[in-house]
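Below you'll find the structure, written out as structure tokens, and then a few comments.
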Amino acid sequence: MSTAVLAFGGNALSRADEPATVANQFRRARESMASVVTLAQAGWHIVIVHGNGPQVGDSLVRNEVARRVVEPLPLGVLVAETVGWIGYMLQQSLQNALAAARVRRDVVTLVTQTLVDRFDPALGTPTKPIGQPLTEDEAARLRVSGRAVGRDGSGAWRRMTTSPLPLAVVEFPVVRRLLEQDVIVIAGGGGGPPVYDDPILGLEGVDAVVDKDRVAAVLARQLDADVLMILTNVDAVYEGWGTPSARPIRRLAVGRADTMIAEGAFDAGGMRPKVEAATAFARAGGRAIIAHLASGPAALRGETGTTIVREA
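Each residue of the sequence shown is one higher than the one before, counting from 1 in our numbering.
Encoded structure:
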């Protein structure tokens, strides 16, 4: 049976044009399950990796608001916290969608840790946007208070945090065993709480947020998955994005992707990590797809999205 690792973008739960309430996020989660149900009906082994950028940023705000009442939680713990409740939303939504389609598959959420290098230079520079968009005044106040802020791929001001490269998903053998039992697994949520391997203490947490697309690619390689599908809020990778001549790229060779990345064709807080993750998986021999969240099965058939391949 074939295995697909699906990376859900932030729009699976929240959108910038609506309040990030629990009710809205549950509604978005329910709307995100059609592609998963179709793959489940076709008999695929499925792993879902999801982001948590808006949610973990909101958790930081709660930290700041309540800091005089309760001890603030470190960022690594907040990642684990969001993995739990986002996983709950996705898991319940998928269970209901499968039941409605009369598909008998179990679903489970795992809190998986992501191994990183404690000396990764990326830990010294905040580059990953998290939280909700900020006004100019909000961004200025945060900057004055010592918080890192910057513009994301859409040009909006956001909080920023560090984002080390993932080396491995620690619990991938557990994920593999569950897949062998035909369980749909939600893992690597929010990129997984990052950890490093201390020679004396063992696994120790890191206060950072790992990019979920890169984690999905690492987990897909560990599982020998057939397909990595990065499902987001755009229908494909575009050449000339943001210009009148922008056009979707349906088939992208690894070499061409490397060139476009080097030329700065993709924003560091937007499409770039998605293309880098897909390229890494394709370079290792897998099939990688970047497509709209609602178009997974069609992209798998090559009808939409961008497929990244080793050779053109």
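Each residue gets a CB set at the ideal place from its N, CA and C atoms; glycine is no exception.
Checking the DSSP bridge columns, you'll see K128 partnered with T161.
Residue range 3-8 is occupied by the beta strand (DSSP E) that includes A7.
In the structure shown, A187 adopts coil according to DSSP, grouped into three states. The residues H45, in chain order, have a CB closer than 6 Å to that of L179 in the same chain once the five nearest residues on each side in sequence are set aside. As DSSP reads the structure, M229 sits in a beta bridge with L6, I289.
Short of 6 Å from the beta carbon of D152, and not among the five residues preceding or following it, lie these beta carbons of its own chain, in chain order: P129, R158, G269. Listed as beta-bridge partners of G150 by DSSP are R158. In the three-state DSSP reduction, V254 falls in the helix class (H, G or I). Secondary structure within the region 27-60: the alpha helix (DSSP H) runs of 4 or more consecutive residues, fully enclosed, are 34-41 (chain order). Using a Cβ distance threshold of 8 Å, A216 and A34 do not count as a contacting pair. Take V103, set aside five residues on each side of it, and the residues of its chain with a beta-carbon closer than 8 Å to its own are V37, A40, Q41, in chain order.
When the Cα atoms are used, R177 and P133 turn out to be separated by approximately 39 Å. Separation of G155 and V149 (C-alpha to C-alpha, rounded to the nearest whole angstrom) is 12 Å. Scanning its chain for C-beta atoms nearer than 6 Å, with the 5 sequence neighbours on each side dropped, one finds around I289 the residues M229, A299, G305, T307, in chain order.
Between the C-alpha atoms of A97 and R30 there is a straight-line separation of about 8 Å. If the five residues before and after L73 are omitted, its C-beta is found closer than 8 Å to the C-beta atoms of S59, N63, E81, all from its own chain and listed in chain order. In the DSSP secondary-structure assignment, R247 is bridged to E239. Under DSSP, D197 takes part in a beta bridge, and its partners are L203.
Apart from the 5 residues on each side of it in sequence, F172 sits with its Cβ closer than 7 Å to the Cβ of L219, Q222, L223 in its chain, given in chain order. Taken atom to atom, the span from the alpha-carbon of R310 to that of F266 is near 19 Å. In the same chain as T279, and ignoring 5 residues on each side of it, the C-beta atoms closer than 8 Å to its own belong to V254, A257, D258, I261, A288, I308, in chain order. Around V56, the same chain offers L78, V79, T82, I130, G190, V209 as residues with beta carbons nearer than 7 Å, after the five sequence neighbours per side are excluded. Taken atom to atom, the span from the alpha-carbon of Q113 to that of P244 is near 42 Å.
In its chain, beyond the 5 residues on either side, E204 have a beta carbon closer than 7 Å to the beta carbon of D198.
CA-CA distance, P248 to G285, rounds to 23 Å. For A168, DSSP records a beta bridge to L115.
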